[in-house]
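The next block holds one structure in the form of structure tokens; read it before the comments.
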Amino acid sequence: MEIYDYEESLMAKTAWYYYSENMTQQNISEVLGISRMRVIKLLEKAKQSGIIQFRIRSNIDKRMQLEQNLIEKFDLKDCFIVPDSIQTLAVNENVARAAAMYISNRINADTFINIGYGDTTGRILNHLAINTEYTPSFVSLTGGVSYYLPNASSSTFNSRLYLIPSPLITSTKEMTSAIKAEKSVKEIEQLIPSSHLSVVGIGAMNPKATILQSGILSQNEFLILENNGAVGDLLSHFIDKNGDVVNSSLEDRTISTSLDVVKQLENVIGVAAGQEKVTAIRSVLNGRYLDVLITDEGTANSLI
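Number 86 in my numbering belongs to position 72 of the sequence shown; there are no gaps in the numbering.
Structure, rendered in structure tokens:
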């Protein structure tokens with residue numbers, strides 16, 4: 015049994031806040047309750063000991079045990095937990111950076127990555143396209159072309175995009191069926207099963223949900239879904255606490271890879287964090303849609 019090393023834990027947290035969250039040494043000293051000089055020494059020691067490499071090594075005993083507990087509880091292949099973000103608004107960015115680091119160690123020039131719709135997955139796509147040495151290929155798992163395009167700051171966006179040429183949600187069931195029958199849509203869908211890994215976000219039933227904030231769904235539609243038992247969504251498929259798809263007219267109008275197909279894919283990585291998402295994440299895990307979960311400590315503890 016490994017013995018908990020407080021000094022190593024402090025070094026890892028200091029390195030994470032300094033290199034991944036871009037906090038100043040003074041900010042870190044205030045957050046951790048240590049002197050600025052000690053922060054400097056911890057950063058130097060972290061370099062010498064190998065904690066700071068191309069990514070921050072997550073081998074602290076507490077988080078390792080938490081990762082193992084989640085792996086066993088939800089039958090996962092792997093789990094990666096990062097320290098909680100000090101700034102509430104930075105939660106999505108925090109786990110997106112972690113996911114990009116995790117994924118970048120598992121890809122090469124020939125890698126095809128399926129990617130879902132959402133704020134967190136959009137951030138991951140940009141981090142990977144800008145920072146990896148390879149040129150990865152991304153395949154969209156849903157309609158909604160604009161949600162997969164690089165942000166304005168991505169002048170070095172280095173990737174190939176294979177996007178389903180359609181909206182995410184249409185006005186009628188008939189229109190959705192017609193779009194899915196198009197050759198260009200079918201060609202993209204044929205790439206999905208052969209991709210090397212898939213990255214998906216998880217949406218929660220709260221006013222800050224991306225699908226609501228972006229205007230894709232109205233408040234009334236969102237409320238109806240919630241009243242029908244929806245606790246969150248995966249690829250814009252709304253699911254109940256057991257991970258089963260909630261029956262609604264919206265499901266028939268959504269252009270998105272079915273959750274039955276998701277279950278058949280290998281290496282599905284779910285990236286989500288935040289207390290408001292715990293119920294939604296748990297429902298996705300209950301549905302056994304994921305092979306890997308990337309989240310933060312607070313969320314992981316709540317899931318356990």
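Each residue gets a CB set at the ideal place from its N, CA and C atoms; glycine is no exception.
Could you pull the start and end residues of the beta strand (DSSP E) that residue i belongs to?
i    : result
Y364 : Here the chain comprises residues numbered 15 to 318, so residue 364 is not present and cannot be evaluated.
V213 : 211-215
G284 : 282-285
D320 : A query on residue 320 cannot be resolved here, the shown segment of the chain reaching from 15 to 318 and no further.
Please state the DSSP three-state secondary structure of residue i.
i    : result
L249 : coil
F88  : coil
V53  : helix
I65  : coil
L304 : coil
L299 : helix
I183 : strand
I230 : coil
I144 : helix
G288 : coil
A294 : helix
N36  : coil
I318 : coil
S23  : helix
N83  : helix
I70  : With a pLDDT of 49 at I70, under the threshold of 50, the modelled position of this residue cannot be trusted; read the value that follows with caution. It is a strand residue.
N122 : coil
Do residue i and residue j have their C-beta atoms closer together than 9 Å?
i    : j    : result
D92  : D310 : no
F152 : Y162 : yes
I225 : D247 : yes
L84  : L317 : yes
G132 : S212 : no
A113 : V298 : no
V199 : I230 : no
G158 : I269 : yes
I216 : K291 : yes
D266 : T190 : yes
Q62  : R50  : no
R174 : T146 : no
L90  : I117 : no
G301 : L273 : yes
V245 : Y303 : no
K187 : S263 : yes
A218 : A294 : yes
E196 : T271 : no
Give the DSSP bridge partners of residue i, in chain order.
i    : result
N128 : V153, S212
F94  : I308
A218 : G246
V259 : I253
S270 : T156
In its own chain, which residues sit with a C-beta less than 8 Å from the C-beta of residue i, not counting the 5 before and 5 after it?
i    : result
V109 : V96, T134, V285, A286, A287, I308, T309, D310
V259 : H251, F252, I253, E265, L273
Could you pull out every residue in the same chain whose Cβ sits closer than 7 Å to the Cβ of residue i, ignoring the five residues on either side in sequence?
i    : result
T170 : Reliability of the predicted coordinates at T170 is poor, the pLDDT of 46 falling under 50, and no value is obtained from them.
N241 : none
L56  : L24, M25, T28
I193 : S180, T184, V199, I269
S209 : F126, I127, N128, V153
R111 : S34, H141
Within its chain, find whatever has a CB closer than 6 Å to the CB of residue i; leave out the 5 residues flanking it on each side and keep chain order.
i    : result
E81  : C93, I95
S167 : Reliability of the predicted coordinates at S167 is poor, the pLDDT of 46 falling under 50, and the value obtained from them is presented with this limitation in mind. Here the set comprises nothing.
K27  : P97
N281 : L211, D305
N119 : none
S99  : V105, N108
G312 : D98
K223 : Reading off the sequence, residue 223 comes out as Ala, not Lys. Cβ within range, chain order: G217.
Since residue i is in the alpha helix (DSSP H), which residue starts that stretch and which ends it?
i    : result
V109 : 105-118
A192 : 187-194
T224 : 224-227
S43  : 39-46
V159 : Element bounds for V159: n/a, residue is neither H nor E.
K197 : 197-205
Less than 8 Å between the CB of residue i and some heavy atom of the ligand HEM, yes or no?
i    : result
S232 : Absence of the ligand HEM from the depicted structure is noted, as is the absence of any ligand whatsoever, leaving it without description.
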